Amino acid sequence: MDFEAKAYTRKPFEFTGKASEYFGIWIVNIILTILTLGIYSAWAKVRTNQYFYGNTQLDGSAFQYLATPMQILKSRIIAAILFTIYYGIANVYPIAGTGLLAIILLLVPAIVVLSMSFRMRNTAYRNVTFGFKRDFKRAYLIFAGPVVASIIIIALSIFAEIQSAEMLNAEVMEEDTSGNAPFTILAAILLIFFAFPFWEFLQTQFIINNAKYGTSEFKFEATAGKFYKLYLSAFAIAIAVGALVVFAIGFFSSFDFSLDMHESAVMMPFIIAAGIFPLYLWMFTYIQTKKANLIYNHAALGTDSNNSAFESRLTVTYMFYLYITNTLAITVSLGLLIPWTMIRMARYRAQTITFLTQTDLDAYVADQKKQVSAMGEEFGDMFDIEVGI
Amino acid sequence: MQIEGWLYDGASSKRYPIYLNCSSDGILSWDEPEAHSYPIGLLSFSSRIGNTPRFIDFPDQFKFETSDNNTVDKLLKAYMYKGHVKLGLVDKWVHKIESSKRLIITSLSLVIVTCWLSIQYGIPYFSKQLASALPVELATSIGSGTLDIMDESLMSPSQLPEVRTQALQTVFQDLLPEDQNGFPFKLIFRKSELVGANAFALPSGTIIFTDEMVELAENDNELKTIMLHEIGHVIHRHSLRHVIQQSGLALIVLLITGDVSGSSAIILAIPGLLLEASYSQAIEFEADTYALTNLAKYNIAPKHFIDIMERLEKSHQRDEKNELPNTELEDSERSFKDYFSSHPPTQARLERFKSL
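Keeping their order, the protein sequence lines are chains V and L. Numbering of the first sequence is given in our numbering, commencing with residue 188 and proceeding in unit increments. Numbering of the second sequence is given in our numbering, commencing with residue 606 and proceeding in unit increments.
Printed below as a string of structure tokens:
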């Protein structure tokens with residue numbers, strides 16, 4: 188997008204929360220949740236969200252979290268009961284548990300839509316709420332469609348493999364076909380693998396294009412190619428770094444004089460793991476960070492006459508540094524530094540996002556206010572279904 | 606009293622910088638851009654959360670946003686005193702707790718103590734009660750495929766002579782309690798070099814002895830003590846307790862940390878580990894108690910249990926020759942190791958049998 192030509196005004200996001208202040212809220216949330224046997228957890232969730240939303244400011248106005256504790260409590264109780272039943276059944280009858288899991292998986296697209304709807308409807312800025320169009324049909328098409336397609340492709344490839352193996356056996360009985368790689372199945376898996384970035388693009392597009400601020404719609408302007416570029420570069424870097432790690436391990440273990448042969452063979456998996464784990468974490472950070480930038484930098488709000496955009500400037504090295512130090516801090520402090528890690532993450536996130544607008548922020552028209560149940564979100568939370576971008 | 610802030614009309618995102626006038630008789634009003642006034646009873650005030658902006662909702666979709674928390678609090682206090690507004694319990698008290706250093710430290714110590722107590726006593730106690738209250742079918746149905754999995758991966762058919770196993774079956778039948786609580790008790794034998802000398806009880810009431818275990822024993826009385834120990838595990842429904850305990854912990858962790866970011870996965874594993882460790886010690890202790898109380902009934906000397914356990918420990922130490930013998934550990938190191946060991950240290954367990 189050509190920012191210069193359209194003469195955007197830059198409005199930075201700000202985060203004003205403080206770790207010491209939030210620690211009080213956090214620890215009181217925990218103790219009251221314990222003392223009320225979990226009931227206060229609904230108030231805890233609301234106060235936490237209100238703290239983070241209220242401290243996030245754009246152009247001098249704050250965001251506001253609107254959901255009420257009672258709304259959350261009702262859905263949370265139902266979700267907790269369902270979770271307990273599921274957990275019990277899955278432990279006692281593993282097979283029935285698998286069946287239930289399949290049913291829960293079928294609900295995922297609906298849960299995505301309901302949670303997004305709840306989350307957006309309960310976020311306000313300048314007394315105008317966000318919203319989310321509840322397009323269940325398209326949600327199933329986008330979230331479940333590719334899964335069904337993959338299952339069919341794999342099934343077909345296995346079928347084809349069996350067929351050709353039988354034909355081959357019939358023609359040349361003496362030839363051993365078991366040594367041949369199952370080429371068709373491999374091709375099917377590769378096909379699905381290469382379709383993944385496109386699937387992710389479709390999901391992101393679905394979520395952003397259905398989001399609204401008042402009556403103004405968000406638009407996702409990236410192409411699928413950007414997602415391919417992201418994964419390709421992550422893959423290329425991983426191979427380069429991985430080769431380096433393997434080389435380094437080989438280099439250093441050739442100086443091995445402290446351990447006898449037996450022990451160094453035992454140690455090898457640990458040495459490799461020590462090399463692989465940071466690489467994996469770095470890959471994860473790289474993809475997360477680049478993806479977040481990609482998504483924000485291609486999200487637009489409003490019509491052509493009044494178009495606004497975002498600029499996200501997260502850097503992979505700083506995010507990596509944050510992940511490492513946060514994990515260390517939480518582990519060393521036995522969890523007591525969780526509030527601090529949450530605050531510094533939110534601060535960095537806000538510091539690196541700028542809203543680019545062509546007019547002032549006064550012209551967004553509010554939508555009529557509808558209530559949305561918290562059930563989707565609470566159910567999704569209980570069963571650890573990751574929603575959103 | 607006056608409060609400075611933004612006014613929004615609810616129709617669009619337009620904002621007006623205004624002063625909200627608060628009269629002493631409970632009327633809030635503003636003059637710009639249009640004059641409006643409302644009695645305070647019709648308004649809703651957002652709860653105070655740290656120093657985040659306060660929102661006041663008016664009828665007709667108006668909303669007022671201000672960072673002047675202190676004036677809002679003063680106002681609410683004054684009007685509450687006069688009876689113009691009523692505040693809920695949370696709005697009234699929670700911010701006071703959240704912002705008081707002394708109460709934060711109190712909360713922190715309470716959290717630490719309750720976490721410790723519930724892991725050490727609370728959860729184990731409740732799962733024990735619940736496990737004995739549930740129908741026996743539930744206890745026996747846990748992990749119905751476990752034996753198949755063990756047969757595939759760990760064990761092979763027993764190579765003991767038929768005469769020997771038949772004799773042991775008779776011994777076993779005699780040891781079963783009169784009230785079997787509905788458990789279909791069964792004794793089976795398997796060979797396993799991987800596991801070595803050992804015996805386990807499955808939730809269904811099936812008890813497995815390895816050939817190596819039978820060969821390790823010098824007489825049947827020794828095997829009887831082990832059988833009683835395993836029957837104790839089944840009668841006390843230890844597997845069901847384990848499942849309930851894990852589910853309970855999962856639910857509690859979910860409730861407390863439900864709103865915490867995923868980066869804390871490591872910290873969530875710690876209570877599970879602690880619970881697991883103290884659980885394993887508790888159930889071994891209980892099964893020992895069961896064996897101990899029944900030994901007298903069958904005229905078996907407790908010495909036999911001590912003998913076979915000591916031999917068992919030696920045979921396992923031989924298997925893991927890399928590990929340091931217990932005696933070389935420092936005291937502090939040993940107690941730490943004991944806490945995380947799945948079985949209570951054999952010597953401590955055996956003391957109870959020696960004192961008889």
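Idealized CB from N, CA, C, for every residue including glycine. Bear in mind that the values here come from a model prediction, so they are computed numbers and not experimental data.
Query: For M307 (chain V) and D678 (chain L), the rounded distance between their alpha carbons; Result: 29 Å
Query: V300 (chain V) and R321 (chain V) closer than 8 Å at C-beta; Result: yes
Query: is_contact[Q538 (chain V), chain L] using C-beta, thresh 8 Å; Result: no
Query: Any C-beta of chain V under 8 Å from that of E670 (chain L); Result: yes
Query: Start-to-end residues for the beta strand (DSSP E) that takes in I747 (chain L); Result: From DSSP, I747 (chain L) is part of no beta strand (DSSP E); its letter is neither H nor E.
Query: Backbone secondary structure at F346 (chain V) - three-state DSSP; Result: helix
Query: Per DSSP, cross-strand counterpart(s) of R197 (chain V); Result: V:L543
Query: Spatially closest choice to L897 (chain L) from L:Q850, L:I831 and L:Y643, by CA coordinates; Result: L:I831
Query: Near-chain A residues of the stretch 543-561 of chain V - C-beta to any C-beta below 8 Å; Result: Checking the listed chains, one finds no chain A in this structure; the protein chains it contains are V and L.
Query: Members of the stretch 390-406 of chain V that neighbour chain L once the beta carbon cut-off is set at 9 Å; Result: Y400 and G401
Query: Counted within 10 angstroms of its Cβ, other Cβ atoms place Q922 (chain L) as buried (16 or more) or exposed; Result: exposed
Query: From V:L294, V:F464 and V:A423, residue whose alpha carbon lies closest to that of G567 (chain V); Result: V:L294
Query: Whether L419 (chain V) touches K477 (chain V) by CB criterion (8 Å); Result: no
Query: Y227 (chain V) vs Y240 (chain V) beta-carbon contact at 8 Å; Result: no
Query: Chain L contact for T271 (chain V) (CB, 8 Å cutoff); Result: yes
Query: CB of D549 (chain V) within 8 Å of CB of S714 (chain L), strictly; Result: no
Query: Ranges of the alpha helix (DSSP H) found wholly within the stretch 218-280 of chain V, counting only runs of at least 4; Result: 228-241 and 256-279
Query: Length of the line joining the Cα atoms of A892 (chain L) and Q734 (chain L); Result: 17 Å
Query: Given 8 Å, three or more beta-carbon pairs between the stretch 759-773 of chain L and the stretch 788-802 of chain L; Result: yes
Query: Cβ-based neighbour list, I344 (chain V), same chain, cut-off 6 Å, excluding 5 preceding and 5 following; Result: Sequence inspection shows Ser at residue 344 (chain V); the Ile mentioned does not correspond to that position. Taken in chain order, the residues that qualify are T371, I372 and A375.
Query: Range covered by the beta strand (DSSP E) that runs through S763 (chain L); Result: Where S763 (chain L) is concerned, there is no enclosing beta strand (DSSP E), given that its DSSP letter is neither H nor E.
Query: F305 (chain V) vs T243 (chain V) beta-carbon contact at 8 Å; Result: no
Query: DSSP state of D969 (chain L) mapped onto helix, strand, coil; Result: Only positions 606 to 961 of chain L appear in the structure, and residue 969 (chain L) is not among them; the question remains open.
Query: Span separating the alpha-carbon of L222 (chain V) from that of V716 (chain L); Result: 10 Å
Query: Chain-ordered chain V contacts of I702 (chain L) [CB-CB under 7 Å]; Result: V215
Query: Rounded straight-line distance, which links the Cα of L287 (chain V) to that of D547 (chain V); Result: 51 Å
Query: Residue of V:Q555, V:L543, V:R534 and V:Y505 minimising C-alpha distance to A206 (chain V); Result: V:R534
Query: Straight-line gap, I329 (chain V) to F414 (chain V) (C-alpha atoms, nearest Å); Result: 16 Å
Query: Run of the alpha helix (DSSP H) containing S712 (chain L), from where it starts to where it stops; Result: K706 to L722
Query: F464 (chain V) burial status per 10 Å Cβ neighbour count (16 or more: buried); Result: exposed
Query: Identity of the residue in L:E670, L:Y643 and L:R653 nearest Y621 (chain L) by Cα; Result: L:E670
Query: Sufficient close CB pairs (3 or more, under 8 Å) joining the stretch 701-709 of chain L to the stretch 797-816 of chain L; Result: no
Query: Assigned secondary structure, D795 (chain L) (DSSP; H/G/I helix, E/B strand, else coil); Result: The amino acid at residue 795 (chain L) is misidentified as Asp; the sequence shows Arg. R795 (chain L): strand per DSSP, three-state reduction.
Query: L781 (chain L) in three-state terms, based on DSSP; Result: coil
Query: Residues in the stretch 713-743 of chain L having any Cβ partner in chain V nearer than 7 Å; Result: L713, L715, V716, T719 and L743
Query: Status (buried if at least 16 other CB within 10 Å, exposed otherwise) for E259 (chain V); Result: The question names Glu, but residue 259 (chain V) is Ile in the sequence shown. Buried is the call here.
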